[in-house]
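Residues in the sequence shown are numbered consecutively from 0, following numbering that gives the first Met the number 0.
Structure, as structure tokens:
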Amino acid sequence: MKKDGIRTLLLIILLVLAVVLGQIIGTSCAGIKNVSWLGATAKFGLSPVELDLSVVKFTLGMLVSINVAQAILLLAAILAI
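The structure is reproduced here in structure tokens:
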């Protein structure tokens, strides 16, 4: 039981590191000729939706932006566990 918790925590840490390092690598390599493909980005999500109740105003939206370096590192993190 304790090993499963440690394993889950390790996976979460690896996924967060993969996203952060992938973003750094992707933006760093975007201007370099032969590895600029690592910085290619795909964006998808929901445009913001507003609900105005005159007393309270809610806005809900979501945008996910992922580059090739992040995708590679996320796949490696998942396969490492």
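Where a beta carbon is used, it is the ideal one built from N, C-alpha and C, also for glycine.
Only a predicted model underlies this, so the values are computations on that prediction, with no experimental measurement involved.
Per DSSP, V67 is one residue of the alpha helix (DSSP H) stretching across 67-79. Closest in alpha carbon position to D51, among V67, L9, L59, is L59.
Counting the other CB atoms within 10 Å of its CB gives N33 a total below 16, which places it among the exposed residues.
For I65, the closest alpha carbon among the candidates S53, G25, I11, L78 is that of G25. Contact between G21 and Q69 holds: CB atoms are separated by about 3 Å, below the 8 Å threshold. Taking C-beta atoms under 8 Å as the contact rule, I80 and L10 qualify, at a distance of about 5 Å.
In this structure, V63 is the residue among I23, V63, S53, V67 with its C-alpha nearest to the C-alpha of K42.
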